Amino acid sequence: MRQRCFILLCAGLLAACGGGDGEALLGTLERDRVELIAEAQESIVELAVREGEAVTTDQLLLRLDPSAAEARLAQAQAAAAQAERRHAELLAGARAEQRRQARALAEGAAARALAESREFARIETVVERGLLPASTLDRQRALRDGALAEQQAAAERLAELEAGTRSEVIAQAAAALAQAQAVVAELELALARHTVRAPRAGIVDALPYELGERPPRGVPVAVLLAAGSPYARVYVPEPRRAGVTAGTVAEIRIDGADRSWRGTVRYLSGEAAFTPYYALNERDRSRLSYLAEVVLTEADAASLPTGLPVEVRLPAAASRP
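My numbering applies: residue 250 is where the sequence shown begins, and numbers increase by one.
Next up, the structure:
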């Protein structure tokens, strides 16, 4: 009778421990990593935070030397200002003083042309009478024709000023201005990227470069671990894959904790891989598995440190024979 009670007690304890759930999946507690890269190959002139420090959204992390970028921006701004003045000048057209001057020149040219034409007519009559040689008439003809040409040029110049700038020329100036402004905007953005800020709240996990170093373009200069609830990274064995989907509720246990946390599967890979070494047990060594991420949904999970070993238990329905 005593032996029978002991067997029943052991069976009850095993049932309580298993809770009807499937075999535990081994993994680690992780957080989303945010890598911030260097947009320019410049020296680090300021480190505003330290590794392990908590940061808020948009908080300054570090600065790269902006000298070269500021010089390029100043040059582009000067070119844009010049293009803007040129465009405004064409829109405004000629000044009133220029129009008055052109009108006076046109009137003077017309008066000279009239005088030279009258002189030509007088000399022509005298030459016809034989009182002057024909060469005199030729010289006067040249003077008259020159005066008439000057009159025409002055009249056209006045008409041009009064008509204003052609629409095609204004359009070209507007396009040049837009291009110059686009260059300024691009260089302003490039300059802003010399200042590295936190895109979200979190913990500074790594600062690979020291003050004064010049990291290559495109390499991470700061790594953040996002604030908020962590997630368990585990591998689901192939026989249990069909029963697990995004949204599946799980139980997470952490080494050293006397309680468990609720979690939800947020990601399940569609590509199979062999179970990694740290998640292996004797039976799973030759099995394929699928990477899964189970986010802890309880608020107090946000205080758990990253990297802790975890056990994740999925519902028994997630297993299959």
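We put the CB at the ideal spot given by N, CA and C, even for glycine.
Here the structure is a predicted model, which means the values were calculated and not measured.
ARG388 (DSSP reduced to helix, strand or coil): helix
Pick from THR497, GLU520, LEU473 and TYR480 that is closest to GLU487, judged by C-alpha positions: GLU520
Classify THR494: buried if its beta carbon has 16 or more other beta carbons within 10 angstroms, exposed otherwise. exposed
Just to confirm the assignment, what range does the alpha helix (DSSP H) spanning SER416 have? 416-441
Is the segment 357-369 close to the segment 388-402, with three or more CB pairs under 8 Å? yes
Could you give the residue range of the beta strand (DSSP E) that holds LEU278? 274-279
Helix, strand or coil for PRO315, going by three-state DSSP, please let me know. coil
Kindly provide the ranges of any beta strand (DSSP E) runs that are 3 or more residues long and lie completely inside the segment 474-541, ordered along the chain. 480-486, 498-503 and 509-517
By alpha-carbon positions, which one of VAL485, ARG508, GLY395 and ALA447 ends up nearest to ALA476? ALA447
Can you give me the C-alpha to C-alpha distance between VAL283 and LEU339, rounded to a whole angstrom? 50 Å
ASP307 by DSSP, collapsed to three states: which one? coil
Take LEU386 and list the residues in its own chain whose beta-carbon comes closer than 7 Å to its own, dropping the five residues that flank it on each side. ILE372, GLU373 and VAL376
Report yes if the CB atom of TYR484 is closer than 8 Å to the CB atom of LEU310, and no otherwise. no
Can you say whether ALA574 is buried or exposed, counting buried as having 16 or more other CB atoms within 10 angstroms of its CB? Residue coverage of the chain in this structure runs from 250 to 570, which leaves residue 574 outside it and unanswerable.
Return the first residue and the last residue of the beta strand (DSSP E) that THR546 is part of. Looking at the DSSP string, THR546 is not in any beta strand (DSSP E), and its letter there is neither H nor E.
Whole-angstrom distance between ALA317 and VAL294, CA atom to CA atom: 13 Å
ARG192 by DSSP, collapsed to three states: which one? Lying outside 250 to 570, the shown extent of the chain, residue 192 is not represented and no answer is given.
Helix, strand or coil: how does DSSP classify ALA287 here? coil
Unbroken beta strand (DSSP E) run spanning LEU296, endpoints: 293-296
Going by the CB atoms, is the gap between GLU291 and LEU313 shorter than 8 Å? yes
Contacts around LEU436, its chain only, beta-carbon distance under 8 Å, and the 5 residues preceding and following it disregarded: ALA318, ARG321, LEU322 and ALA325
The segment 533-553 / the segment 495-513 touching (three or more Cβ pairs under 8 Å): yes
Enclosing beta strand (DSSP E) for VAL561 [first to last residue]: 558-562
Drop a sphere of 10 angstroms on the beta-carbon of GLY267, count the other beta-carbons inside from all chains shown, and report buried for 16 or more, exposed for fewer. Residue confidence for GLY267 is low, a pLDDT of 40 falling below 50, so the modelled location carries little weight; the figure read from the coordinates is stated next. Burial call: exposed.
Rounded C-alpha distance that separates ALA506 from GLU279: 17 Å
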